[in-house]
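S.K.:
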Amino acid sequence: MAQNMFLRMHNVSKTFPGVKALKNIDLEVEYGEIHALIGENGAGKSTLIKILSGVYQPDEGAEIIIDGVVQKTITPLDSLKRGIAVIYQDFSLFPNLSVAENIAMVSRVEKRKKIVNWRETNQIARSALAKLGLKIPLSKTLSELSVAKQQLVAIARALVNDAKLIVMDEPTSALSRGEVESLFSIIRNLKEQGISILFISHKLDELFAISDRFSILRDGKYVGTFGEDELDDDRLISLMVGRKIEYKIFEKRTLVDPIFEVRNLSKAGNFKDISFTLHRGEILGITGLVGAGRSELAQAIFGLNPSDSGELILEGKRLQVNAPEQAVQHGISYIPENRLTEGLILKKTMSDNICLTVLKQISSRHGLIEKEAQNKLVEKWIEEMHIRPNIPNMIASKLSGGNQQRVVLSKWLATDPKVLIVDEPTNGIDIGAKADIHQLLRDLSEQGMSIIVISSELPEILAIGDRVLVMRRGKIAAILDGKNLTQEEIMKEAL
Ligand SMILES: Nc1ncnc2c1ncn2[C@@H]1O[C@H](COP(=O)(O)OP(=O)(O)OP(=O)(O)O)[C@@H](O)[C@H]1O
Ligand SMILES: [Mg+2]
Numbered sequence: 016m017a018q019n020m021f022l023r024m025h026n027v028s029k030t031f032p033g034v035k036a037l038k039n040i041d042l043e044v045e046y047g048e049i050h051a052l053i054g055e056n057g058a059g060k061s062t063l064i065k066i067l068s069g070v071y072q073p074d075e076g077a078e079i080i081i082d083g084v085v086q087k088t089i090t091p092l093d094s095l096k097r098g099i100a101v102i103y104q105d106f107s108l109f110p111n112l113s114v115a116e117n118i119a120m121v122s123r124v125e126k127r128k129k130i131v132n133w134r135e136t137n138q139i140a141r142s143a144l145a146k147l148g149l150k151i152p153l154s155k156t157l158s159e160l161s162v163a164k165q166q167l168v169a170i171a172r173a174l175v176n177d178a179k180l181i182v183m184d185e186p187t188s189a190l191s192r193g194e195v196e197s198l199f200s201i202i203r204n205l206k207e208q209g210i211s212i213l214f215i216s217h218k219l220d221e222l223f224a225i226s227d228r229f230s231i232l233r234d235g236k237y238v239g240t241f242g243e244d245e246l247d248d249d250r251l252i253s254l255m256v257g258r259k260i261e262y263k264i265f266e267k268r269t270l271v272d273p274i275f276e277v278r279n280l281s282k283a284g285n286f287k288d289i290s291f292t293l294h295r296g297e298i299l300g301i302t303g304l305v306g307a308g309r310s311e312l313a314q315a316i317f318g319l320n321p322s323d324s325g326e327l328i329l330e331g332k333r334l335q336v337n338a339p340e341q342a343v344q345h346g347i348s349y350i351p352e353n354r355l356t357e358g359l360i361l362k363k364t365m366s367d368n369i370c371l372t373v374l375k376q377i378s379s380r381h382g383l384i385e386k387e388a389q390n391k392l393v394e395k396w397i398e399e400m401h402i403r404p405n406i407p408n409m410i411a412s413k414l415s416g417g418n419q420q421r422v423v424l425s426k427w428l429a430t431d432p433k434v435l436i437v438d439e440p441t442n443g444i445d446i447g448a449k450a451d452i453h454q455l456l457r458d459l460s461e462q463g464m465s466i467i468v469i470s471s472e473l474p475e476i477l478a479i480g481d482r483v484l485v486m487r488r489g490k491i492a493a494i495l496d497g498k499n500l501t502q503e504e505i506m507k508e509a510l
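Going by the working numbering, the first residue of the sequence shown is number 16, and it counts up by one from there.
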């Protein structure tokens, strides 16, 4: 057996009632290696990680060796003790506790200490942050920190426990470009110290920037492991998806019928003097560096973050929007970027989640839900969004992350708004399904919906935006015609 492997998983299978999520998977991670685990939504990545972290038990016949020790079974505590630390997409931190408490938490649980010793807690936290070269105030409440900082706290917590393998399940979906860069330099630093990283992401450019080797899952099966030098984008995608994927560039349309107008919208510290017009059936792309004020602007239009001054005019009428309910009544919907924390009720079924926003549409005059109308609606969205498995009464928590994203998208699209604002629509969606989502947005716009798409992914903006609004430090830098537009022209305005 190879000496240099920190982790060997062999013949791992996992059966859930009615679903064989993993079939004879192999995975080996070397000491000090950055290893990418990739595959489409529902391929089994998170399930494999949860077996490693002791959340799920594998089917009979699995062999797992961690740091030279054969594991008969793995409980969450075994996994921690063997040096495995998993950072889930929601970080599983405690928002109401301080930074220091969050970092020291695990070591306290492990030692079964109940009494909080502040001195020790602070000391543990300080040395973990120092290892990462970070300065974050120890006494700050976690929820006061930016998402990026929270992520770093999660990494610091992993280090406290002398993690030898840090697993990150889609860690960059909420980070800006600059934050991703600093996360990567931390990861490289950890690698220098001999720590292994297992990295899950749908962003291929990031994976190529950081990974030594790639293991690919397809439909619960192991496709293989490849060195970075053996792969390029096309090869990787065809191994992962089994077919060729092309971003379709939609033909840009000439816009004639203005429907929604934003006039001189300002909010101190967020954005200033924003004016633009949206046309019927238009897709307007909004881009700019993260922090340019894009999401704040969208939230202002939707009433989540009301502006200080300015006007919104829909079909000639001035709107009063101080809360999301008002926006929805006027026919404006907003799909947030952090959909999984804001958009989904995990304990409810897929069907209930999709119908939540449209209860009126599917209810009788007496307010009773009409089963048949509900089923029809849900079936339609399962098909449009290719949600898998296509079982309407599946509990949402049992869906893969990307399929949960699709449910939340469906939920808001079902409201059939006049104006739809969608923030990073393909965040967490695999490369094979991105094109489907683009097509869906295009179809909706053809039917007359006016859509604002906020995205950092320039190829996405170029593929679907009839026009592109570029924001820079809270202001409009330019509104560009999508015809023959290039990434360079957009970047020039954004910087
Ligand atoms: N607790 C569960 N009960 C039933 N089925 C489950 C459960 N957890 C996961 N599954 C199923 O197992 C399969 C693999 O899901 P998993 O979450 O591992 O996918 P993934 O590769 O992480 O996808 P994504 O990129 O969308 O996050 C999916 O079909 C999912 O619905
Ligand atoms: Mg997942």
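In this text, a Cβ means the ideal position worked out from N, Cα and C, and glycines have one as well. Keep in mind the model is a prediction, meaning the values are calculated, not measured.
Do V468 and P440 have their beta-carbon atoms positioned less than 8 Å apart in this structure?
M.R.: Yes, these two residues count as a Cβ contact at 8 Å.
S.K.: Could you say which of L456, P351, K490 lies nearest to S481 if we only look at CA atoms?
M.R.: A quick correction: the sequence has Asp, not Ser, at residue 481. For the residues L456, P351, K490, the minimum Cα distance to D481 belongs to L456.
S.K.: What number of angstroms, rounded off, separates the C-alpha of G148 from the C-alpha of V101?
M.R.: So the alpha carbons of these two residues sit roughly 21 Å apart.
S.K.: Measure the C-alpha to C-alpha separation of W427 and A342 and round it to an integer number of angstroms.
M.R.: The alpha-carbon atoms of W427 and A342 are separated by roughly 13 Å.
S.K.: Who are M255's beta bridge partners in DSSP?
M.R.: Its beta-bridge partners do not exist; DSSP assigns none.
S.K.: Tell me whether K60, by its Cβ, gets closer than 7 Å to a heavy atom of ligand 2.
M.R.: It does: the Cβ of K60 is within 7 Å (strictly closer) of some heavy atom of ligand 2.
S.K.: Restricting to Cα atoms, I'd like to know which of I151, M486, E45 is closest to D227.
M.R.: Measuring from the Cα of D227, the nearest candidate turns out to be E45.
S.K.: What is the DSSP secondary structure of E504, counted as helix, strand or coil?
M.R.: Correct three-state label for E504: helix.
S.K.: Of the choices L63, M409, M506, whose alpha-carbon is the least far from that of P32?
M.R.: The residue with the shortest Cα to Cα distance from P32 is M409.
S.K.: Give a single yes or no on whether P432 has its beta carbon closer than 7 Å to a heavy atom of ligand 1.
M.R.: Incorrect: P432 has no Cβ contact closer than 7 Å to ligand 1.
S.K.: Only counting runs of 4 or more residues, tell me where the alpha helix (DSSP H) segments fall wholly within the segment 69 to 150, in order along the chain.
M.R.: DSSP runs (the alpha helix (DSSP H)) wholly in the segment 69 to 150: 91 to 96, 114 to 125, 133 to 146.
S.K.: Return the residue from the list D249, V485, T136, T240 that minimises the CA-CA distance to L219.
M.R.: Of the listed residues, the one whose Cα sits closest to L219 is D249.
S.K.: If you measure between the beta carbons of G54 and M255, is that distance less than 8 Å?
M.R.: Yes, they are a contact pair.
S.K.: Please state whether DSSP places K282 in a helix, a strand or coil.
M.R.: Three-state result, K282: strand.
S.K.: Take the Cβ of N368 as the centre, count every other Cβ of all protein chains shown within 10 Å, and call the residue buried at 16 or more, exposed below.
M.R.: N368 is buried by the Cβ-count criterion.
S.K.: Can you tell me whether DSSP reads P339 as helix, strand or coil?
M.R.: Correct three-state label for P339: helix.
S.K.: Using the three-state DSSP reduction, which class does T430 fall into: helix, strand or coil?
M.R.: Three-state result, T430: coil.
S.K.: Kindly indicate which three-state DSSP category M16 falls into: helix, strand or coil?
M.R.: The predicted model places M16 with a pLDDT of 49, which falls under 50 and marks its position as unreliable; any figure quoted below should be read in that light. Three-state DSSP puts M16 in coil, outside helix and strand.
S.K.: Among the candidates R97, K96, I89, N204, whose CA atom is the shortest distance from the CA of K146?
M.R.: Selected option, being the one with the closest Cα: N204.
S.K.: Looking only at C-alpha atoms, which of L327, K287, T292, W396 sits nearest to R309?
M.R.: Out of L327, K287, T292, W396, K287 has the C-alpha closest to the C-alpha of R309.
S.K.: Just to confirm my understanding: we take M16, look at its own chain, exclude 5 residues before and 5 after, and list those with CB closer than 6 Å. What are they?
M.R.: Residue placement at M16 is poorly supported in this model, since its pLDDT is 49, which falls under 50; the coordinates still yield a value, given next. So the list is empty, once near-sequence residues are dropped.
S.K.: With distance defined between alpha-carbon atoms, name the residue in E352, G257, G296 nearest to V271.
M.R.: Answer by Cα proximity: G296.
S.K.: Using 7 Å as the cut-off, classify the Cβ of G416 as near or not near the heavy atoms of ligand 2, replying yes or no.
M.R.: It does: the Cβ of G416 is within 7 Å (strictly closer) of some heavy atom of ligand 2.
S.K.: Just checking D227 against ligand 2 - is the residue's beta carbon closer than 7 Å to any of the ligand's heavy atoms?
M.R.: The answer is no for D227.
S.K.: With a threshold of 6 Å on Cβ separation, who are the neighbours of V434 within its own chain once the five nearest residues in sequence on each side are excluded?
M.R.: Closer than 6 Å at the Cβ level, and outside the excluded window around V434, lie F275, I347, S465.
S.K.: Am I right that H453 and K263 are in contact with their C-beta atoms under 8 Å? What's the rounded C-beta distance?
M.R.: Right, the Cβ-Cβ distance comes to about 7 Å (below 8 Å), so this counts as a contact.
S.K.: Out of D234, A411, I202, N111, which has the shortest C-alpha to C-alpha gap to Q222?
M.R.: It should be noted that the sequence gives Leu, not Gln, for residue 222. Measuring from the Cα of L222, the nearest candidate turns out to be I202.
S.K.: Could you give the DSSP three-state label for K490: helix, strand or coil?
M.R.: In the structure shown, K490 sits in a strand (DSSP, three-state: E or B).
S.K.: Check whether the Cβ atoms of I118 and R192 sit closer than 8 Å, and answer yes or no.
M.R.: Going by C-beta atoms, I118 is not nearer than 8 Å to R192.
S.K.: How many angstroms separate the CA atom of K96 from the CA atom of L157?
M.R.: One C-alpha to the other measures close to 25 Å.
S.K.: What span of residues does the alpha helix (DSSP H) with S226 cover, start to end?
M.R.: Looking at the DSSP string, S226 is not in any alpha helix (DSSP H), and its letter there is neither H nor E.
S.K.: Going by CA-CA distance only, name the one from L92, L63, P91 that's closest to E547.
M.R.: Limits of the chain in this structure are 16 at one end and 510 at the other, which puts residue 547 out of reach.
S.K.: What residue range does the beta strand (DSSP E) around T302 cover?
M.R.: Note, T302: beta strand (DSSP E), 298 to 302.
S.K.: Report the rounded CA-to-CA distance for V182 versus F214, giving the unit in angstroms.
M.R.: Going by the C-alpha atoms only, they are around 6 Å apart.
S.K.: Quick one: residues in its chain with C-beta nearer than 6 Å to the C-beta of S460, no 5 flanking neighbours on either side, listed in chain order?
M.R.: Correct list, in chain order: G296, I298, I466.
S.K.: Cβ atoms of A140 and V114: under 8 Å apart, would you say?
M.R.: It is a contact, given that the beta carbons lie within the stated cut-off.
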